[in-house]
Amino acid sequence: MKIDRLLGIMIYLLNRDTVSASALAGRFEVSVRTIQRDIETLGMAGIPVASTQGVNGGYSILKSFKLSKQLLSEQDYVLILTALKGLCSAYEHRGIEATFEKLLSLSPDGVDAEQNIHLDFSVLREGFHVRDYLSGIEDAIRKKHVIQFEYTNAEYVKSQRTVEPVVLTYKWYAWYLLGFCCEKQDYRMFRLTRMRNLGLTSAAFSNVHNNIEELLAQKNDHQPYFNIKLACSTELRIPIEECFPNSCITEIGDRELLIEFSVPANERGWFGTLLSFGSKVTVLEPTELKHRLIEHTKDILEAYLSHR
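Below is the structure:
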């Protein structure tokens with residue numbers, strides 16, 4: 001509906017400095033001309049939308065403009081409170097709990113009782129040292145202070161790192177830090193479980209880190225991936241869907257499935273999952289992965305035979 005789109009455009013602009021018409025069109029899946037008409041409508045409704053020309057031009061709302069808190073409906077409060085509860089389960093942070101209590105006190109009566117979805121992200125808690133590191137790194141990001149730590153990469157190589165921490169992110173089933181490595185003079189992703197002896201320094205950042213979402217997207221694009229093809233019997237469809245939920249599954253005849261999916265090459269979780277299926281699945285591609293499975297299985301067999 002148009003009214004929903006107008007409200008969405010207004011909130012989107014309030015959360016950003018300047019947004020081009022083409023970016024808004026892509027965001028709300030309409031034409032640029034439609035966005036231009038919507039901006040005119042917002043202006044007639046008294047919303048102070050400014051327009052700037054040029055390469056970096058676009059639309060923005062004057063910073064002095066404020067929305068009434070009555071804009072939020074009961075359902076909005078329910079969704080926000082549900083998300084905050086889920087975030088509380090992910091890791092300990094008194095600020096999140098305080099925010100939850102503040103929002104709960106502002107919400108209409110009975111909103112908390114109406115929640116019928118509960119998000120339990122306790123799986124994100126990866127051990128005591130990760131919990132402590134999350135807090136320490138958050139503090140360093142806020143103060144824009146450099147951190148130092150010992151890091152062991154996926155190939156078990158240890159190194160000392162000096163890093164300007166930019167943002168924490170949970171992906172590939174683990175907590176990661178995107179930071180600017182002072183030695184490499186480039187952005188790197190560091191898995192928190194592989195960090196040791198984290199130290200917070202008083203040294204300030206030497207660089208300005210903008211466009212964090214773009215930086216994260218770039219690091220994801222540069223992450224090496226395996227494009228895997230498996231064959232298995234139809235009885236394994238549910239377990240495969242559970243372990244690799246983004247896989248493409250094709251039925252081959254009545255009893256066989258072709259499974260295709262992509263995974264980060266340097267992460268070990270999915271490799272252990274493949275091993276757990278044993279002879280019930282057959283890797284068709286890539287050849288490198290087939291050889292890796294064969295060698296790994298031989299090593300396991302030799303280790304057990306030598307200890308009989």
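For what it's worth, our numbering labels the leading residue of the sequence shown as 1, then goes sequentially.
Built from N, CA and C at the ideal position, the CB exists for glycine as well.
All values reported here derive from a predicted model rather than from experimental measurement.
Assigned secondary structure, residue i (DSSP; H/G/I helix, E/B strand, else coil)
{"i": "A113", "result": "The pLDDT assigned to A113 is 48, lower than 50, so where the model puts this residue is not dependable; a value taken from the coordinates is nonetheless given after this. Three-state result, A113: helix."}
{"i": "H145", "result": "strand"}
{"i": "P108", "result": "coil"}
{"i": "E150", "result": "strand"}
{"i": "Y12", "result": "helix"}
{"i": "F261", "result": "strand"}
{"i": "R255", "result": "coil"}
{"i": "P286", "result": "coil"}
{"i": "I228", "result": "strand"}
{"i": "T273", "result": "helix"}
{"i": "E164", "result": "strand"}
{"i": "K69", "result": "Only weak support is given to the placement of K69: the predicted model assigns it a pLDDT of 49, under 50, and the value that follows is read from those uncertain coordinates. Reduced to three states, the DSSP call for K69 is helix."}
{"i": "K63", "result": "coil"}
{"i": "G46", "result": "coil"}
{"i": "R268", "result": "coil"}
Candidates the options, of which the one nearest residue i by Cα
{"i": "I80", "options": "L289, G58, I117, D17", "result": "I117"}
{"i": "R292", "options": "F226, S20, D17, R196", "result": "F226"}
{"i": "V55", "options": "A23, V208, E164", "result": "A23"}
{"i": "M337", "options": "L200, Q218, N210, G199", "result": "The structure shown does not extend to residue 337, since the chain is modelled only from 1 to 308, so the question has no answer here."}
{"i": "E241", "options": "L274, R194, L72", "result": "L274"}
{"i": "E288", "options": "F271, A140, V163", "result": "F271"}
{"i": "P108", "options": "E295, Q75, R196", "result": "Q75"}
6 Å Cβ shell around residue i - same chain, five flanking residues per side excluded
{"i": "A113", "result": "Since pLDDT at A113 reaches only 48, below the 50 mark, its modelled position is unreliable, and the value read off the structure follows with that caveat. Taken in chain order, the list of residues that qualify is empty."}
{"i": "R191", "result": "A174, Y176"}
{"i": "K69", "result": "Interpretation of K69 is limited by its pLDDT of 49, a score under 50 that renders its predicted location unreliable; the figure taken from the coordinates is listed afterwards. Here the set comprises nothing."}
{"i": "K290", "result": "V283"}
{"i": "I141", "result": "P165"}
DSSP bridge partner residues for residue i (one or two, in chain order)
{"i": "D186", "result": "C181"}
{"i": "G58", "result": "T52"}
{"i": "T250", "result": "L258"}
{"i": "T169", "result": "Y176"}
Own chain residues within Cβ distance below 7 Å of residue i, not counting five before or after
{"i": "I96", "result": "L84, L87, C88"}
{"i": "S31", "result": "A25"}
{"i": "N266", "result": "A154, P224"}
{"i": "H145", "result": "L200, T201, S202, A203, A204"}
Neighbourhood of residue i by C-beta, 8 Å cutoff - its chain only, sequence neighbours within 5 removed
{"i": "E303", "result": "The question names Glu, but residue 303 is Ala in the sequence shown. Contacts found: none."}
{"i": "L103", "result": "Y77, I80, L81, L84"}
TODO: Please confirm if the stretch 199-213 is in contact with the stretch 249-263, defined as three or more CB-CB distances below 8 Å between the two stretches.
DONE: no
TODO: Report yes or no: do three or more beta-carbon pairs, one from the stretch 227-241 and one from the stretch 254-266, lie closer than 8 Å?
DONE: Flag = yes, the stretch 227-241 and the stretch 254-266 touch.
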